[in-house]
Amino acid sequence: MKRWSASAAAVARSSTRNDARIHARKAYSALATAHRHVPDASAHVHAPLPVPPLTTQPARPDPYKLLKPELDTLRERLLNLLGSAHPTLTDIAKYYFLHPSKQVRPLLVLLFARATNGLGSGWDDKAWAAECEGARGRAEELDEPLSRPDVLNDWNPSMPDTTASFATAFDLHMPAPSLPQPMPPPRLSPHVPALADALLPTQVRLAQIVEMIHVASLLHDDVIDGSNTRRGAPSAPAAFGNKFTILGGDFLLGRASASLSRLGETEVVELIASVIANLVEGEILQLDKVVAESEALAGAKTGGGSDGWNIYLRKTYLKTASLMAKGARASVVLGGGRAGELEKEVAYAYGRNIGIAFQLVDDILDYEAGEATLGKPGGADLQLGLATGPALYAWEEHPEMGPLIARKFGQEGDVELARDLVRRSSGVERTRSLALAHADKALAALHHLPESDARGALEVLTERVVKRTR
62 MKRWSASAAA VARSSTRNDA RIHARKAYSA LATAHRHVPD ASAHVHAPLP VPPLTTQPAR
122 PDPYKLLKPE LDTLRERLLN LLGSAHPTLT DIAKYYFLHP SKQVRPLLVL LFARATNGLG
182 SGWDDKAWAA ECEGARGRAE ELDEPLSRPD VLNDWNPSMP DTTASFATAF DLHMPAPSLP
242 QPMPPPRLSP HVPALADALL PTQVRLAQIV EMIHVASLLH DDVIDGSNTR RGAPSAPAAF
302 GNKFTILGGD FLLGRASASL SRLGETEVVE LIASVIANLV EGEILQLDKV VAESEALAGA
362 KTGGGSDGWN IYLRKTYLKT ASLMAKGARA SVVLGGGRAG ELEKEVAYAY GRNIGIAFQL
422 VDDILDYEAG EATLGKPGGA DLQLGLATGP ALYAWEEHPE MGPLIARKFG QEGDVELARD
482 LVRRSSGVER TRSLALAHAD KALAALHHLP ESDARGALEV LTERVVKRTR
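Structure, rendered in C-alpha cells:
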C-alpha cells in the first residue's frame, strides 16, 4: 500500500492548481443549460469554410494502469488477511484470489477515492488523522485487532470452574495506554474543496473488504448454482465440496466484517453490512422469481409483463449493483464526505448504474459467448431456469416463450427452443441498448465531479464494461 503523506507546500500547490477547476465546477449547471450558437449557413454559401485548427484531445488514462501499484499489492495483502488455523479453510478462502480476476469492485473504490479526496468538508480531519498515524509508526494499525488477540482467537472460551470473584475467575488484562491524537493545526479559513493526490489507508482497506465480500458471494453462488467451473478452472465446490465451500464463504464474510470494524466509520459499517444482506435478498429473490413467474404466467397469452421485469431489475441491483454502489459511496465517506454532499450521491448513482449495466452485459454474454471465453458454460442461466433480459424481451415478441419460462425451461428441448427464440428476436440488441442507457446515466453522474485522471479512468471503465466480451 502506498504510504499517505502530505506537506504544507504540496497542499498549497494543489489548492492553487485547483482554483480554476473549482470555479468551473460551480458554473457547471449554468454552462450546461446555456444556449448553443448555431451559425447561419446562408451567410457562408459563397465563402470557403474556415479550417479549424487541429487539436488533440488528451488521452484518458487506463484505469488499471493508473492504480497498478495499489492493485498489485491488494491481492498480496488480501492473502495475508485470510489465514486460518485450519489449513483447508485457508485454502478455500484463498482459492479464487489465486486466479486472475477483473477486480472491478476494488477498482471502483480506489478510483472514487482518487476522484473525490479533498472535496468533502471532512477531508482535512481525515488527512490529518492519517498523517498522525503514519508519523507515529501506526500506518499498519488497520491490521491490529480492536480486541485482544486471545479474546478473538480463544481456542477454549469456557470459563474456569471457580467463579467466586472476578479476581479468581478471570485473568484480567489492563489495556496498554494509548496516546491521544494531536490536535490538528488551527484553520485560518474554511475548508476549500481541492482534489488531493492521495489515497488513505482506510480506503485501500475498504477495497480489500469489498473484494472479500464479492468472492464470498461467488463461493455461495457456485454452490447454489451447481457450477463446476469458474474462470476456466474447477469451481470451489468441484475442488472442495459444497459444505467446505459454504463454510469458506462464511469465513470470508467474518474476516471482512472484522476488518470493516477497524475503519472507524459507522456509516461505512452500515453501508457495507447492508450489502451482505442485499446479496442474500437477491439470491432469495432469484430463487423465488421462478415461482412468481410460474404463477403470473399461468394462462398468460402475451409476454413482457412488468412484474417479470421489476423482479429481474431488482434482483440485478441486489446481487450485483449494490456492492458497487455502496462500496463507491463508502469510499467517499472515508475521504471526508459528509451528509448532504454531492460526491456521495455521485458515487452511489454511478455504482448503481454501472452495476446494472455490468450484469446486463453478463446476461448477454450468456447467450453470445462460449465456455472458452467466459470461463464457465454458456447458457447457464437457462439451465438454472432463469429468464434474464434477452429472454424477457424475446417473450414480448414470441408469446410461446411464456410457457417455457413458467416451467423453468425444465422439459426436454426447452433450453434449445428458448435459445432459438432469443436468436430470432431482438432480445440481445434490446438488452444491450438497456445496458448502454444505464452506462450513459453513470457517465452523466461523473460530470458532476471535477476533471481529473481518476474521473477520466472511470469514463474509460464505463466504456469497457459495456463493450466487454468476457
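Taking my numbering, I'd label the letters of the sequence shown as residues 62 to 531. All C-beta atoms, glycine included, are put in the ideal place defined by N, C-alpha and C.
Please report how far the alpha carbon of residue i lies from the alpha carbon of residue j, in whole angstroms.
i	j	result
Gln519	Arg175	It is worth fixing the name first, because residue 519 is Leu in this sequence and not Gln. One C-alpha to the other measures close to 10 Å.
Glu524	Leu384	20 Å
His508	Arg529	23 Å
Glu328	Val394	8 Å
Ala386	Ile270	14 Å
Thr306	Ile425	28 Å
Ala317	Lys163	20 Å
Lys405	Tyr373	26 Å
Pro511	Gly397	17 Å
Asp349	Pro460	22 Å
Arg375	Gly343	8 Å
Gly537	Asp152	The structure shown has nothing for residue 537, since the chain only spans 62 to 531.
Lys87	Ala259	Below a pLDDT of 50, predicted positions are generally treated as unreliable, and Lys87, at 43, falls in that range; the measurement from the model is reported next regardless. Spanning the two alpha carbons is a distance of roughly 23 Å.
Ile137	Glu272	According to the sequence displayed, residue 137 carries Glu and not Ile. When rounded, the distance between both Cα atoms is 13 Å.
Tyr409	Lys380	15 Å
Leu139	Ala515	23 Å
Asp194	Ser494	Sequence check: residue 194 is Glu here, not Asp. If you take the alpha carbons of Glu194 and Ser494, they lie about 48 Å apart.
Ser367	Asp185	48 Å
Leu168	Lys126	11 Å
Asn141	Ala467	47 Å
Phe301	Asp283	12 Å
Val422	Glu473	28 Å
Ser487	Tyr378	24 Å
Ala334	Gly325	14 Å
Glu458	Thr492	14 Å
Arg531	Val407	27 Å
Ala319	Ala338	16 Å
Pro119	Val336	37 Å
Ala418	Asn371	15 Å
Residues in its own chain within less than 8 Å of residue i by CB, not counting five upstream and five downstream?
i	result
Tyr157	Val276, Leu279, Leu280, Arg291, Arg292, Ala297
Asn414	Ala382, His499, Ala500, Lys502, Ala503, Ala506
Val476	Gly440, Leu443, Gln444, Phe470
Ser513	Arg175, Ala176, Leu256
Ser145	Thr151, Ala154, Phe312
Asp286	Ala441, Leu445
Arg266	Leu203, Ser320, Arg323, Leu324
What distance in whole Å lies between the Cβ atoms of residue j and residue i, which are believed to be in contact at a cut-off of 8 Å?
i	j	result
Ala191	Pro262	6 Å
Leu497	Val527	6 Å
Gly412	Ala389	4 Å
Leu321	Val330	6 Å
Pro274	Leu332	Checking the sequence shown, residue 274 turns out to be Ile, not Pro. Actually they are not in contact, since the Cβ atoms of Ile274 and Leu332 sit about 12 Å apart, beyond 8 Å.
Gly369	Leu453	6 Å
Glu402	Val489	So it is not a contact: roughly 40 Å between Cβ atoms.
Going by beta carbon distance, what residues of the same chain come within less than 6 Å of residue i, once the five residues before and after it are set aside?
i	result
Gly179	Ala255, Leu256, Ala257
Leu522	Pro124
Asp442	Asp427, Thr449
Leu171	Leu128, Glu131, Ala268
Gln264	Ala174, Ser392, Leu395
Gly309	Ile153, Ala154, Leu280
Ser182	His252, Arg399
Pro347	With the sequence shown as reference, residue 347 is identified as Gln, and Pro is not the correct amino acid for it. Correct list, in chain order: Lys376.
Gln420	Thr377, Thr381
Leu143	Ala154, Lys155
His96	Unreliable placement is indicated for His96, whose pLDDT of 37 sits below 50; no coordinate value is reported for it.
Asn303	Val284
Which same chain residues, not among the five before or five after residue i, have their C-beta less than 7 Å away from its C-beta?
i	result
Ala299	Asn289
Pro148	none
Gly517	Arg121, Pro122
Met462	Gly364, Ala452, Ala455, Trp456, Ala479, Leu482
Arg166	Val271, Glu272, His275, Leu384, Met385, Gly388
Ile345	none
Runs of alpha helix (DSSP H) lying entirely within the stretch 377-448, each at least 4 residues, in chain order: 383-395, 403-429, 432-435, 441-444
Unbroken stretches of the alpha helix (DSSP H), 4 residues or longer, contained in the stretch 282-345: 297-301, 303-322
Ranges of the alpha helix (DSSP H) found wholly within the stretch 448-522, counting only runs of at least 4: 450-458, 462-467, 475-484, 488-507
In chain order, each beta strand (DSSP E) run of at least 3 residues that lies wholly inside the stretch 117-184: none
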